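Some notes on the structure that comes next.
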Amino acid sequence: MSGKRKRYGQYFTPGLISDFMVDLIDHEKNCRVLDPAAGKGVFLSSLVKKGFENIAGYEIDGSLENKSQVDIKNRDYLRTSLKVKFDVIIGNPPYVRWRNIPEEIREDFEKEYWENKINGLSDLLYSFLFRSVDKLREEGELIFLTPTFWLQNQHASSVRDYFIKNGYLDLIVSFNEMKICKNASTSYMVFKFIKDRVDGEKLDIIKIRDKRRLNKDLIQSIDELIESLRDKNKSVKEKGIKAFSRDQFSSPNQWPLVSPENKEVISKIEESCKNYSPKVEVKTSSGNTEKINLANLYTKYDLKKIGRTKDTLNKVKMDNKNYYTELGQKTFFKYNKPNSINKKHKRHIRLGDIAKIGNGLVSGLDKAFKVKDIHKYSQKEKQKMLKVVKSSDLNRFYNKSKTFYLFPNEIEKEETLKKEYPNFYNKLKEHKTKLEDRYDYGKNIPWWHWVFLRNWKLFKTSNHKIFVPSKERVNNKGFVRFTYVQGNFYPTQDVTAIVKRKRFNIDIKYILGFLNSKTLYKWILEKNPKKGRVLEFPHRPLSKIPIRLINWSNEKEIQIHNEIAKTVKTILEEKNWKKHIDQIEKEVKKLTKTT
Ligand SMILES: C[S@@+](CC[C@H](N)C(=O)[O-])C[C@H]1O[C@@H](n2cnc3c(N)ncnc32)[C@H](O)[C@@H]1O
1 MSGKRKRYGQ
11 YFTPGLISDF
21 MVDLIDHEKN
31 CRVLDPAAGK
41 GVFLSSLVKK
51 GFENIAGYEI
61 DGSLENKSQV
71 DIKNRDYLRT
81 SLKVKFDVII
91 GNPPYVRWRN
101 IPEEIREDFE
111 KEYWENKING
121 LSDLLYSFLF
131 RSVDKLREEG
141 ELIFLTPTFW
151 LQNQHASSVR
161 DYFIKNGYLD
171 LIVSFNEMKI
181 CKNASTSYMV
191 FKFIKDRVDG
201 EKLDIIKIRD
211 KRRLNKDLIQ
221 SIDELIESLR
231 DKNKSVKEKG
241 IKAFSRDQFS
251 SPNQWPLVSP
261 ENKEVISKIE
271 ESCKNYSPKV
281 EVKTSSGNTE
291 KINLANLYTK
301 YDLKKIGRTK
311 DTLNKVKMDN
321 KNYYTELGQK
331 TFFKYNKPNS
341 INKKHKRHIR
351 LGDIAKIGNG
361 LVSGLDKAFK
371 VKDIHKYSQK
381 EKQKMLKVVK
391 SSDLNRFYNK
401 SKTFYLFPNE
411 IEKEETLKKE
421 YPNFYNKLKE
431 HKTKLEDRYD
441 YGKNIPWWHW
451 VFLRNWKLFK
461 TSNHKIFVPS
471 KERVNNKGFV
481 RFTYVQGNFY
491 PTQDVTAIVK
501 RKRFNIDIKY
511 ILGFLNSKTL
521 YKWILEKNPK
531 KGRVLEFPHR
541 PLSKIPIRLI
551 NWSNEKEIQI
561 HNEIAKTVKT
571 ILEEKNWKKH
581 IDQIEKEVKK
591 LTKTT
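Under UniProt numbering, read the sequence shown as residues 1 to 595, first letter to last.
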């Protein structure tokens with residue numbers, strides 16, 4: 001079964017969802033309907049139940065039992081030449097990663113029809129989306145249950161473009177992490193697309209935010225929210241569900257499901273983080289130094305947005321990181337006045353510009369190294385312990401606890417360990433076989449040493465750090481735990497550390513206040529590449545977070561900076577953020593011009 005599931009993307013839809021989707025059909029009951037990937041026929045049964053008469057179903061796998069009354073044709077939807085078109089195409093098409101797509105189907109993608117649509121990084125789902133748009137009659141409705149990844153995935157931009165060019169989205173219901181199909185762990189959505197090139201149609205979005213169970217009550221709530229959006233045309237919230245209408249997506253770039261209010265906040269934050277950009281020294285490829293506006297140093301990911309390619313820009317280095325920019329002396333570009341193009345193409349300043357970001361240390365076997373009863377150890381042993389902060393030690397602003405770990409990495413001989421650090425030896429010895437197994441990759445690491453001391457020097461030499469959990473579940477608290485850690489504390493592997501670069505003359509407590517503000521949380525919530533409801537904070541997503549730098553010749557901005565830093569200092573001293581968070585919020589709002 002699992003082989004076929006992989007090849008054909010076989011995940012079966014519950015009747016509650018297929019009934020709900022069939023109810024979204026606006027065509028008359030005698031319209032021509034197709035389920036192109038019918039499986040065992042759950043959509044066909046819902047269609048019959050609701051009185052539809054002209055139903056067709058295709059399914060590539062002839063061995064599946066048809067549980068509906070409709071005859072399912074065992075056909076490959078992608079390779080059958082279909083002369084007719086349909087009023088409604090409905091179903092749950094397969095999603096299969098490129099490497100798992102059956103060879104014969106992959107070969108078909110070499111045909112001209114698929115050119116510029118499908119490439120070696122596409123999912124089988126994309127081909128179903130293209131073909132289904134094609135096989136709809138004018139004003140036809142496409143109603144699919146799919147994973148949400150194609151809204152964001154870079155390699156699905158051709159699909160999004162095709163949708164924009166051929167019609168409009170009428171509805172998206174995003175179920176988040178809710179279990180919809182058995183055995184599938186993906187975030188699902190239902191969407192309805194209309195093949196009609198009209199302007200000004202609104203897109204209704206229903207987002208289920210909290211973890212909910214799929215049941216009749218939930219479906220009823222969704223139905224009611226759809227109704228009320230249509231009647232009142234304004235955002236509504238109800239028990240963990242958010243509903244709003246927005247304009248159609250106008251570009252094939254990512255399609256985040258952001259409400260118009262949040263979209264405005266996000267663009268204000270980004271704009272404000274372009275407002276002040278200091279000049280920084282960069283090294284050119286010929287070894288000279290130049291001063292460039294930080295907002296005009298582009299990473300390779302910015303280039304598409306600003307409509308430029310690497311070869312029309314100069315490669316420079318700042319803090320050993322590569323950037324692309326336009327140096328004043330370039331002549332082959334027609335608008336060659338330094339800064340004339342640059343002003344237009346400022347990008348927002350990011351955390352990755354002003355701070356080094358690194359993953360925490362990996363012991364190899366936490367159970368072996370984590371200290372439980374510290375009083376058992378001698379003074380000498382205590383000195384060879386490492387103070388670490390784990391994700392569970394983090395709080396908003398300050399850490400609520402710390403953890404001690406054995407750290408005998410400087411001890412080279414087993415004999416010394418045994419004699420001089422007997423409690424270390426005894427504890428570690430219990431795990432000796434496991435440790436030896438783990439370290440058996442030719443690195444010749446003694447079994448009592450830690451394995452990956454990533455970023456060791458960085459953590460050792462910096463006295464002020466901000467720690468954040470590498471993964472943080474979205475919850476009602478409405479914040480991410482950015483925590484200030486002073487002194488000799490190290491992050492473990494479930495924590496990512498942020499260390500401000502010295503060249504930026506800004507208080508780390510100000511940065512902490514900014515990161516912990518609700519305003520910035522709105523940005524994070526929309527822009528972080530979440531997995532379901534879990535925010536991900538390895539290096540890249542963290543480095544993209546906008547940071548508002550301070551214009552030191554503007555008295556007002558200096559005041560705001562100092563006020564935020566002072567308030568954070570008080571929070572750290574009193575260990576009470578609840579009392580002071582509103583003050584920080586107020587100041588961040590002034591700086592980002594959000595209300
Ligand atoms: C996600 S499952 C959904 C099945 C059914 N519609 C349901 O919702 O229960 C996708 C189905 O598409 C079928 N399939 C995969 N590739 C196909 C193709 N090229 N043509 C037709 N069916 C295909 C799979 O065998 C699988 O049954």
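Cβ atoms here follow ideal geometry from the backbone N, Cα and C, with glycine treated the same way.
From a predicted model like this one, the values you see are computed outputs, not experimental measurements.
Closer than 7 angstroms: residue i CB and nearest ligand 1 heavy atom
{"i": "Gln-254", "result": "no"}
{"i": "Pro-36", "result": "yes"}
{"i": "Glu-110", "result": "no"}
{"i": "Phe-12", "result": "yes"}
{"i": "Lys-192", "result": "no"}
{"i": "Val-42", "result": "yes"}
{"i": "Leu-78", "result": "yes"}
{"i": "Tyr-113", "result": "no"}
{"i": "residue 597", "result": "Any question about residue 597 goes unanswered here, given that the chain covers just 1 to 595."}
{"i": "residue 609", "result": "In the structure as shown, the chain starts at 1 and stops at 595, and residue 609 therefore has no counterpart that could be examined."}
{"i": "Leu-64", "result": "yes"}
{"i": "Glu-59", "result": "yes"}
{"i": "Pro-94", "result": "yes"}
{"i": "Gly-91", "result": "yes"}
Assigned exposure category for residue i - 16 Cβ within 10 Å defines buried
{"i": "Lys-367", "result": "exposed"}
{"i": "Gly-352", "result": "buried"}
{"i": "Lys-330", "result": "Note that Lys-330 has pLDDT 47, beneath the 50 cutoff, so the model's placement of it is unreliable and no number is given."}
{"i": "Ile-90", "result": "buried"}
{"i": "Ile-374", "result": "exposed"}
{"i": "Glu-177", "result": "buried"}
{"i": "Lys-575", "result": "exposed"}
{"i": "Tyr-8", "result": "buried"}
{"i": "Leu-129", "result": "buried"}
{"i": "Asn-92", "result": "buried"}
{"i": "Lys-500", "result": "buried"}
{"i": "Asp-231", "result": "exposed"}
{"i": "Gly-62", "result": "exposed"}
{"i": "Pro-529", "result": "exposed"}
{"i": "Lys-337", "result": "Residue confidence for Lys-337 is low, a pLDDT of 47 falling below 50, so the modelled location carries little weight; the figure read from the coordinates is stated next. Exposed."}
{"i": "Asn-183", "result": "exposed"}
{"i": "Gly-3", "result": "exposed"}
{"i": "Asn-476", "result": "exposed"}
DSSP bridge partner residues for residue i (one or two, in chain order)
{"i": "Asp-35", "result": "Gly-57"}
{"i": "Pro-469", "result": "Val-495"}
{"i": "Thr-146", "result": "Met-189"}
{"i": "Val-173", "result": "Val-190 and Ile-206"}
{"i": "Ser-245", "result": "Asp-204"}
{"i": "Leu-361", "result": "Thr-492"}
{"i": "residue 596", "result": "There is no way to answer for residue 596, as the model of the chain reaches only from 1 to 595."}
{"i": "Gly-91", "result": "Phe-144"}
{"i": "Val-485", "result": "Lys-465"}
{"i": "Ala-355", "result": "Lys-500"}
Beta-carbon gap between residue i and residue j smaller than 8 angstroms
{"i": "Ala-295", "j": "Ser-277", "result": "yes"}
{"i": "Ile-143", "j": "Val-88", "result": "yes"}
{"i": "Phe-86", "j": "Leu-34", "result": "yes"}
{"i": "Pro-252", "j": "Ile-164", "result": "yes"}
{"i": "Tyr-162", "j": "Glu-201", "result": "no"}
{"i": "Gly-287", "j": "Gln-493", "result": "no"}
{"i": "Glu-112", "j": "Ile-25", "result": "no"}
{"i": "Pro-408", "j": "Trp-448", "result": "yes"}
{"i": "Ile-498", "j": "Ile-547", "result": "no"}
{"i": "Ile-269", "j": "Trp-552", "result": "no"}
Proximity to residue i [Cα-Cα], best of the options
{"i": "Ser-470", "options": "Glu-585, Leu-535 and Lys-83", "result": "Leu-535"}
{"i": "Arg-5", "options": "Cys-181, Asn-320 and Val-388", "result": "Cys-181"}
{"i": "His-27", "options": "Val-316, Ile-206 and Gly-51", "result": "Gly-51"}
{"i": "Lys-300", "options": "Gly-9, Lys-544, Thr-80 and Glu-53", "result": "Lys-544"}
{"i": "Asp-217", "options": "Leu-229, Glu-238, Glu-201 and Asp-231", "result": "Glu-238"}
{"i": "Gly-364", "options": "Lys-432, Lys-384 and Leu-297", "result": "Lys-432"}
{"i": "Ile-445", "options": "Asp-494, Glu-414 and Leu-151", "result": "Glu-414"}
{"i": "Asn-463", "options": "Asn-488, Lys-457, Glu-573 and Glu-53", "result": "Asn-488"}
{"i": "Ile-72", "options": "Leu-78, Ile-55 and Thr-80", "result": "Ile-55"}
{"i": "Glu-104", "options": "Arg-79, Glu-112, Pro-94 and Ser-46", "result": "Arg-79"}
{"i": "residue 633", "options": "Phe-369, Ile-60, Tyr-77 and Gly-39", "result": "Nothing about residue 633 can be read from this structure; the chain reaches only from 1 to 595."}
{"i": "Ile-511", "options": "Lys-429, Leu-394 and Ile-564", "result": "Ile-564"}
Near ligand 2: residue i beta-carbon under 7 angstroms from a heavy atom
{"i": "Tyr-126", "result": "Within the structure as shown, ligand 2 is missing, the only ligands being ligand 1."}
Neighbour flag for residue i against chain C, beta carbons, 8 angstroms
{"i": "Asp-437", "result": "Among the chains of the structure shown, chain C does not appear; only one protein chain is present."}
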